[in-house]
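Colleague: Chains as they are written, first to last, in full-length UniProt numbering: chain A, 1 to 134; chain B, 1 to 134.
We put the CB at the ideal spot given by N, CA and C, even for glycine.
Everything numeric in this text was worked out from a predicted model, so none of it was measured.
There are 2 protein chains.
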Amino acid sequence: MLGRINHIAIAVPDLAAATATYRDVLGAAVSQVQTLPDHGVRVVFVNLPNSKVELLEPLDGNSPIAAFLEKNPSGGMHHICYEVEDIISARDSLKAAGARILGDGEPKIGAHGKPVLFLHPKDFCGTLVELEEI
Amino acid sequence: MLGRINHIAIAVPDLAAATATYRDVLGAAVSQVQTLPDHGVRVVFVNLPNSKVELLEPLDGNSPIAAFLEKNPSGGMHHICYEVEDIISARDSLKAAGARILGDGEPKIGAHGKPVLFLHPKDFCGTLVELEEI
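This is how it looks when you write it as structure tokens:
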């Protein structure tokens, strides 16, 4: 079922500082800032040869990553996104195996304009898993 | 400086259960178990088309990941490993930029038999970063 690692998301308290760290200290290629109001975040992509890192800053206190940053004020790895070919088939297979899908279980359109689902961390080694249909 | 994402490490309390989750529920290719006494862990690699996930289980209470699992009993993302071409050059550049290298600052031989260094999470968005010379 699992395809490529699409991205690793890192929640950060200060997107400009995090971008400077990855660009200037670690010498990586970074994107422009994208504001995604539907997802409550501002995003910078760190483009690496085989995958990417997404730096996420909350737009406000209602952002899905606000609570994570309260617990982890310096930031931290927030989720891992794997690509799947067919997200409905993946979801149905996961549900049949007893895994919990977050939200109402229906795919939403994610930050890249593709259907995504999130899986319950308790069912996946304490790791929030995003599936993205490619 | 940064090259490919070599792996994402996920610390897990039960390697057999985590391996079954990735193999049977998520449908990924997994390796045999490797015991690495020098690193205090047992490891299974989840091989994905563009990178890999390392599932890490502590060998005992002295393992470098034992404290992490005490704080995160279900497991969780522990570190991200980026490839670099020249680890000494990378280290010297990072030190010049004010970043902290963990331990004595000298590369050790990592789980893949290559020189590695770990960087202080506080300097990198709350994320433990491993650099591996490839």
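Nearest by alpha-carbon distance to residue 41 of chain A: which of A:117, A:68, A:93 is it?
Modeller: Translated into the one-based positions of the first sequence, residue 41 of chain A becomes position 41. Of the listed residues, the one whose Cα sits closest to residue 41 of chain A is A:68.
Colleague: What does residue 108 of chain A pair with, by DSSP beta-bridge criteria?
Modeller: The residue given as residue 108 of chain A occupies position 108 in the first sequence. Answer by DSSP bridge pairing, in chain order: A:116.
Colleague: Thinking C-alpha only, which one of A:60, A:82, A:30, A:93 is nearest residue 1 of chain B?
Modeller: Within the second sequence, the letter at position 1 stands for residue 1 of chain B. The candidate whose alpha carbon is nearest that of residue 1 of chain B is A:30.
Colleague: For the putative contact between residue 12 of chain B and residue 75 of chain B, defined by C-beta atoms under 8 angstroms, what is the C-beta separation to the nearest angstrom?
Modeller: By one-based count along the second sequence, residue 12 of chain B stands at place 12. By one-based count along the second sequence, residue 75 of chain B stands at place 75. Right, their Cβ atoms sit about 4 angstroms apart.
Colleague: Work out the CA separation of residue 95 of chain B and residue 117 of chain B for me, nearest whole Å.
Modeller: Numbered from 1 along the second sequence, position 117 holds the residue referred to as residue 117 of chain B. Numbered from 1 along the second sequence, position 95 holds the residue referred to as residue 95 of chain B. Cα-Cα distance, rounded: 12 angstroms.
Colleague: What does a CB cutoff of less than 8 angstroms around residue 10 of chain A pick up in its chain, not counting 5 residues either side in sequence?
Modeller: Residue mapping note: residue 10 of chain A aligns to position 10 of the first sequence, counting from 1. Taken in chain order, the residues that qualify are 18, 53, 54, 55, 56, 75, 76, 77, 78.
Colleague: Run through chain B and tell me which residues come within less than 8 angstroms of residue 33 of chain A, C-beta to C-beta.
Modeller: Along the first sequence, one-based indexing puts residue 33 of chain A at 33. Near residue 33 of chain A there are no residues of chain B at all, since even the closest Cβ is about 15 angstroms away, more than 8 angstroms.
Colleague: Can you tell which of A:112, A:133, A:3 has the C-alpha that lies nearest to the C-alpha of residue 44 of chain A?
Modeller: In the first sequence, the residue the question calls residue 44 of chain A occupies position 44. If we check each option's Cα against that of residue 44 of chain A, A:112 comes out closest.
Colleague: With distances taken from CA atoms, which of B:50, B:105, B:98, B:100 is nearest residue 88 of chain B?
Modeller: Along the second sequence, one-based indexing puts residue 88 of chain B at 88. Of the candidates B:50, B:105, B:98, B:100, the one whose C-alpha sits nearest the C-alpha of residue 88 of chain B is B:105.
Colleague: Quick check on the DSSP output: the beta strand (DSSP E) that includes residue 28 of chain B runs from which residue to which?
Modeller: Locating residue 28 of chain B in the second sequence gives position 28, where the first residue counts as 1. First-last for residue 28 of chain B: undefined, no H or E at that position.
Colleague: Answer yes or no: do residue 81 of chain A and residue 132 of chain A have a C-beta to C-beta separation smaller than 8 angstroms?
Modeller: Translated into positions along the first sequence, residue 81 of chain A becomes position 81. Translated into positions along the first sequence, residue 132 of chain A becomes position 132. For residue 81 of chain A and residue 132 of chain A, yes; Cβs fall inside 8 angstroms.
Colleague: Let's see if you can read the secondary structure: which residues bound the alpha helix (DSSP H) around residue 90 of chain A?
Modeller: The sequence position of residue 90 of chain A within the first sequence is 90, counting from 1. Counting along the chain, the alpha helix (DSSP H) containing residue 90 of chain A begins and ends at 87–96.
Colleague: Grouping DSSP H, G and I as helix and E and B as strand, with all else coil, what is residue 67 of chain B?
Modeller: In the second sequence, the residue the question calls residue 67 of chain B occupies position 67. Looking at residue 67 of chain B - three-state DSSP - the assignment turns out to be helix.
Colleague: Just to check, is the beta-carbon of residue 130 of chain B closer than 7 angstroms to a non-hydrogen atom of the ligand ZN?
Modeller: Questions concerning the ligand ZN fall outside what the structure shown contains, since it holds no ligand whatsoever.
Colleague: Determine the extent of the beta strand (DSSP E) in which residue 11 of chain B is found, giving its start and end residues.
Modeller: Counting from 1 along the second sequence, the entry for residue 11 of chain B is found at position 11. Segment 5–11, the beta strand (DSSP E) holding residue 11 of chain B.
Colleague: Cβ of residue 80 of chain A less than 8 angstroms from any chain B Cβ?
Modeller: Your numbering for residue 80 of chain A matches position 80 in the first sequence. Interface residue, yes.
Colleague: Taking the beta strand (DSSP E) that residue 160 of chain A belongs to, which residues open and close that run?
Modeller: Chain A is shown from 1 up to 134; residue 160 of chain A falls before or after that span and cannot be answered.
Colleague: Can you tell which of B:7, B:114, B:71, B:59 has the C-alpha that lies nearest to the C-alpha of residue 39 of chain B?
Modeller: Your numbering for residue 39 of chain B matches position 39 in the second sequence. Measuring from the Cα of residue 39 of chain B, the nearest candidate turns out to be B:59.
Colleague: Against chain A, which members of the segment 13–30 of chain B pass a CB distance test of less than 7 angstroms?
Modeller: Listed by position, the residues of the segment 13–30 of chain B near chain A (Cβ gap below 7 angstroms) are 18, 21, 25, 26, 27, 28.
Colleague: Since residue 72 of chain A meets chain B, which of its residues come closer than 8 angstroms, beta carbon to beta carbon?
Modeller: Here residue 72 of chain A corresponds to residue number 72 of the first sequence, with the count starting at 1. Simply 126.
Colleague: Relative to the C-alpha of residue 72 of chain B, which candidate in A:107, A:124, A:27, A:50 has its C-alpha closest?
Modeller: Here residue 72 of chain B refers to the residue found at position 72 when the second sequence is read from its first residue. The residue with the shortest Cα to Cα distance from residue 72 of chain B is A:124.
Colleague: Who are the Cβ neighbours of residue 23 of chain B in its own chain at under 7 angstroms, not counting the five residues just before and after it?
Modeller: Sequence index remark: in the second sequence, residue 23 of chain B carries index 23 (1-based). Cβ neighbours of residue 23 of chain B beyond the five flanking positions: 30.
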